[in-house]
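> In the order they appear, the protein sequences are chains A and B. Yeah, the first sequence ends on 305 if you go by our numbering, and it's all consecutive. Yeah, the second sequence ends on 171 if you go by our numbering, and it's all consecutive.
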Amino acid sequence: MDLLAGIFNNDSLIKNFKRTQLYMSSTSIPAGTKWWTGGKSPFNSSYGKVMMWYFLMSDAFTFGAFLISYGTIRFSVNYWADPNHVFNAFPFMGHANLPLAFVSLMTFILIFSSVTMVLAVHEGHHMNRKGVEKYMILTIIGGLAFLGCQAWEWTHLITGDHAVLVNGHIEHWGTTVTKNPWGHEVMFNGQEVATPGPIAFGGYFFGITGFHGFHVFSGVIINIVMLIKTRLGHFEQRGHYEMIEKAGLYWHFVDLVWVFVFLCFYLI
Amino acid sequence: MSTHVSSPEITFAPVAGESTKRIWNTFWLLSVITFIELGIGLAIYNIHKGEHPSEMLVLFFKGMVCILTLAKAYYIVSIFMHLGDEVRNLIMTIVVPLCLFLWFITAFLWDGDSWKKLRNTRAGSVKTEQVTPAHQK
Numbered sequence: 038m039d040l041l042a043g044i045f046n047n048d049s050l051i052k053n054f055k056r057t058q059l060y061m062s063s064t065s066i067p068a069g070t071k072w073w074t075g076g077k078s079p080f081n082s083s084y085g086k087v088m089m090w091y092f093l094m095s096d097a098f099t100f101g102a103f104l105i106s107y108g109t110i111r112f113s114v115n116y117w118a119d120p121n122h123v124f125n126a127f128p129f130m131g132h133a134n135l136p137l138a139f140v141s142l143m144t145f146i147l148i149f150s151s152v153t154m155v156l157a158v159h160e161g162h163h164m165n166r167k168g169v170e171k172y173m174i175l176t177i178i179g180g181l182a183f184l185g186c187q188a189w190e191w192t193h194l195i196t197g198d199h200a201v202l203v204n205g206h207i208e209h210w211g212t213t214v215t216k217n218p219w220g221h222e223v224m225f226n227g228q229e230v231a232t233p234g235p236i237a238f239g240g241y242f243f244g245i246t247g248f249h250g251f252h253v254f255s256g257v258i259i260n261i262v263m264l265i266k267t268r269l270g271h272f273e274q275r276g277h278y279e280m281i282e283k284a285g286l287y288w289h290f291v292d293l294v295w296v297f298v299f300l301c302f303y304l305i
Numbered sequence: 035m036s037t038h039v040s041s042p043e044i045t046f047a048p049v050a051g052e053s054t055k056r057i058w059n060t061f062w063l064l065s066v067i068t069f070i071e072l073g074i075g076l077a078i079y080n081i082h083k084g085e086h087p088s089e090m091l092v093l094f095f096k097g098m099v100c101i102l103t104l105a106k107a108y109y110i111v112s113i114f115m116h117l118g119d120e121v122r123n124l125i126m127t128i129v130v131p132l133c134l135f136l137w138f139i140t141a142f143l144w145d146g147d148s149w150k151k152l153r154n155t156r157a158g159s160v161k162t163e164q165v166t167p168a169h170q171k
């Protein structure tokens, strides 16, 4: 089209072309278009993108099953660890009580890396290689920052040292898949100490955030591959940046899942 | 504009003039919703710290964050993932199966609640008053 408009440089042709351009915009697909009569992709989308959507849908069910199973266990017990109590630490802040602070930081890192990803997709639509590279780098940095935060949080929980009253004497526990020092508190020798909480807490927390973290990790790897392919000019030769869109779908999904993990583990 | 599509059978092509304004608006919207959620989270925290936490109020706030989270999910999927721009049939093949979650959540949380009732009434074999768990202060 560019070529034709360039060769003829004809006003009516350009006008016509502009109309075509409008027609091609996503919002102006004429009503009553017969998608299934052949010659068109019925979903107006490539095979790869549609399959990426279906993969993400199945992944949503996997995460959903984990979170719902966690909900079932939480509903079935009389006591659960208070998230504001468990997640109240922040790096370099010592023992300051800062509920929700660190996880907010993680949430914003992920939302922001989602924005840079969608900007990379946008630059891809404009065939702007430099722009795609810039935003892919920012997205990768965001992903790595999130993983760093998660590593810190896990380390903090596992190596934590909490006095727990077990069988009449005090033990010092961290949060692991077999130990939960976040049970209700009792008085012992004039001191308030915790008792063991529901054992499922660690398994669900580390299992689900770990599964999510693994998605972030693989997302970062995919994004790095996409960055390399962009730099090598593969997409420019191909004539479209659809691979960036597909990687973007995966990356946004990771953000989407985090929204629910944030809700289920930290907010309620 | 060249149409950067992967196949001649696909007419969908993003508009060249589309600005990044919509993306940034969505970002601000998501940020504001997250801040509201954090505010509610802190409110729940303070209610729990109080002398007589009102269970109803906590439940109300928790319901609110759930709704706000669904709103966030909608904007991420619709704007960032561009699902809102796809053909309606494609949207439906993704959204309709997700309705399974309605049953999934209801059934399993109900089941969990049932376990709790059984746990508190000696596996349901003895009809007693709700046994107050020892830890409740």
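Positions of the beta carbon are idealized from the N, C-alpha and C atoms, including for glycine.
Leaving aside the five residues before and after G250 of chain A along the sequence, list all residues of the same chain whose C-beta is less than 7 Å from its C-beta, in chain order.
L184, Q187
> For a contact meaning CB atoms closer than 7 Å, what does I44 of chain B contact in chain A?
The contacting residues are S78, N81, S82, S83.
> Compare the C-beta of E71 of chain B against all C-beta atoms of chain A and say whether one is closer than 8 Å.
yes
> Run through chain A and tell me which residues come within less than 7 Å of C100 of chain B, C-beta to C-beta.
L300
> Starting from F13 of chain B, trace the alpha helix (DSSP H) in both directions and tell me its first and last residue.
Outside the modelled stretch of chain B, which goes from 35 to 171, sits residue 13 of chain B, for which no answer is possible.
> Given that A97 of chain A touches chain E, what residues does it touch there, using C-beta distances under 8 Å?
The chain labelled as chain E is not found among the protein chains of the depicted structure, namely A and B.
> Scan the region 106-136 of chain A for residues whose Cβ lies nearer than 8 Å to a Cβ of chain B and list them as they occur along the chain.
S106, G108, T109, I110, R111, F112, S113, V114, N115, Y116, D119, N121, P136
> For the region 202-218 of chain A, enumerate the residues whose C-beta is nearer than 8 Å to any C-beta of chain B, in chain order.
none
> Nearest chain B C-beta to W191 of chain A closer than 8 Å, yes or no?
no
> Where does N204 of chain A land, buried or exposed, given buried means 16+ other C-beta within 10 angstroms?
exposed
> How would you label N226 of chain A, buried or exposed, when you count the other beta carbons within 10 angstroms and need 16 or more for buried?
By the 10 Å Cβ count, N226 of chain A comes out exposed.
> Grab me the residues of N46 of chain A's own chain with a C-beta within less than 7 Å of its C-beta, minus the 5 sequence neighbours each way, in chain order.
Any answer about N46 of chain A is weak, because its pLDDT of 43 lies below 50 and its placement is not dependable; what the coordinates show is given next. Cβ neighbours of N46 of chain A beyond the five flanking positions: none.
> Give the straight-line distance between the Cα atoms of V152 of chain A and R153 of chain B, rounded to the nearest whole angstrom.
Whole-angstrom Cα-Cα distance: 46 Å.
> Kindly indicate which residue of B:R156, B:T60, B:S41, B:M98 has the alpha-carbon position closest to the one of Y109 of chain B.
Ranking the options by Cα distance to Y109 of chain B, first place goes to B:T60.
> Is P235 of chain A buried or exposed, if buried means 16 or more other CB atoms sit within 10 Å of its CB?
buried
> With a threshold of 16 other CB atoms inside 10 Å of the CB of W90 of chain A, please say whether the residue is buried or exposed.
buried
> State the DSSP-derived secondary structure class of L41 of chain A, mapped to helix, strand or coil.
Summary for L41 of chain A: the model assigns pLDDT 42, below 50, so the residue's position carries little reliability, and this model does not support an answer.
> Report the three-state DSSP secondary structure of L202 of chain A (helix, strand or coil).
Of the three classes helix, strand and coil, the one that applies to L202 of chain A here is strand, per DSSP.
> Got a sec? Which residues, its chain only, sit under 6 Å from G168 of chain A by beta carbon, not counting five neighbours each side?
Shown here for G168 of chain A: same chain residues with a beta carbon closer than 6 Å to its own, the five before and five after excluded, namely E160 in chain order.
> Judging by CA-CA distance, which residue of A:F127, A:P218, A:M143 is the nearest neighbour of P136 of chain A?
A:F127
> Where does I207 of chain A fall in DSSP's three states?
strand
> Tell whether a beta-carbon distance below 8 Å holds between S141 of chain A and L63 of chain B.
no
> Helix, strand or coil for M130 of chain A, going by three-state DSSP, please let me know.
M130 of chain A falls in the coil class under three-state DSSP.
> CB N217 of chain A to CB A118 of chain A, shorter than 8 Å?
yes
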